[in-house]
Amino acid sequence: MALINSLNESNDNKILVLGMGNDILTDDGIGIKITKVLEEKFPVPNIIYDTLSLGGLEIIEYIKDFKTVIIIDAIKTLNGIPGEVYKFVPEDFKETLHLSNIHDISFLTSLKLAKELDIKSPENIYIIAVEIVEDMVFSDEFTPQIQEKYPKILKEVEELFLKLI
């Protein structure tokens with residue numbers, strides 16, 4: 138994974154693919170694991186792949202210098218089907234597990250605040266979210282429901298990713 142803050146060159150025309158989650162909390166690591174697969178399969182010079190476990194205001198500083206940001210994260214909705222893949226843009230955004238933080242402001246509020254404070258933001262932000270089952274149990278393996286659907290999930294995310302880049 139690239140260390141964004143150590144780059145000496147401009148990121149203005151680069152795409153950031155940001156896998157979010159915690160890869161030792163069962164399904165919560167799906168964004169990180171998928172991002173690592175994408176990095177191996179699609180090593181493109183203008184794409185920077187990285188992972189992150191924080192959200193809220195901190196993420197604005199992290200993404201501000203990129204033209205396009207693709208965030209891959211886990212989501213848990215009330216009636217979601219495990220393994221379902223969603224694509225959001227900020228206008229129709231549902232909070233994913235790491236883009237919102239109970240101790241901080243939401244990602245959408247952070248974007249609005251950045252705009253009000255005239256802080257540079259990416260032109261394009263896409264969120265790819267995968268419906269998960271478990272995010273509170275320590276394990277580096279997916280739950281059986283997600284493991285069974287992982288090849289399908291990965292294929293769907295890859296197809297979305299290729300359309301977005």
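Residues in the sequence shown are numbered consecutively from 138, following this note's numbering.
Even for Gly, the Cβ is constructed at its ideal location relative to N, Cα and C.
From residue i to residue j, what distance separates their C-alpha atoms?
i	j	result
Leu144	Lys151	Caution is warranted here: a pLDDT of 43 is assigned to Leu144, below 50, making its placement in the model unreliable, and no coordinate value can be reported.
Asp202	Ile256	10 Å
Met157	Lys173	11 Å
Leu368	Ile208	Any question about residue 368 goes unanswered here, given that the chain covers just 138 to 302.
Pro288	Ile212	18 Å
Lys292	Lys286	10 Å
Glu228	Phe275	33 Å
From what residue to what residue does the beta strand (DSSP E) around residue i run?
i	result
Lys204	Run containing Lys204: none; DSSP gives neither H nor E here.
Lys224	222-225
Asn261	261-268
Thr163	Looking at the DSSP string, Thr163 is not in any beta strand (DSSP E), and its letter there is neither H nor E.
Asp187	184-189
Would a C-beta distance cut-off of 9 Å place residue i and residue j closer than the cut-off?
i	j	result
Ile283	Asp210	no
Leu153	Thr205	yes
Val294	Glu221	no
Phe244	Gly193	yes
From this set, the options, which residue's C-alpha is nearest residue i's C-alpha?
i	options	result
Tyr186	Glu293, Leu162, Lys170	Lys170
Leu299	Ile200, Phe244, Glu176	Glu176
Between which two residues does the alpha helix (DSSP H) carrying residue i extend?
i	result
Leu245	244-253
Glu295	281-301
DSSP three-state call for residue i: helix, strand or coil?
i	result
Val174	helix
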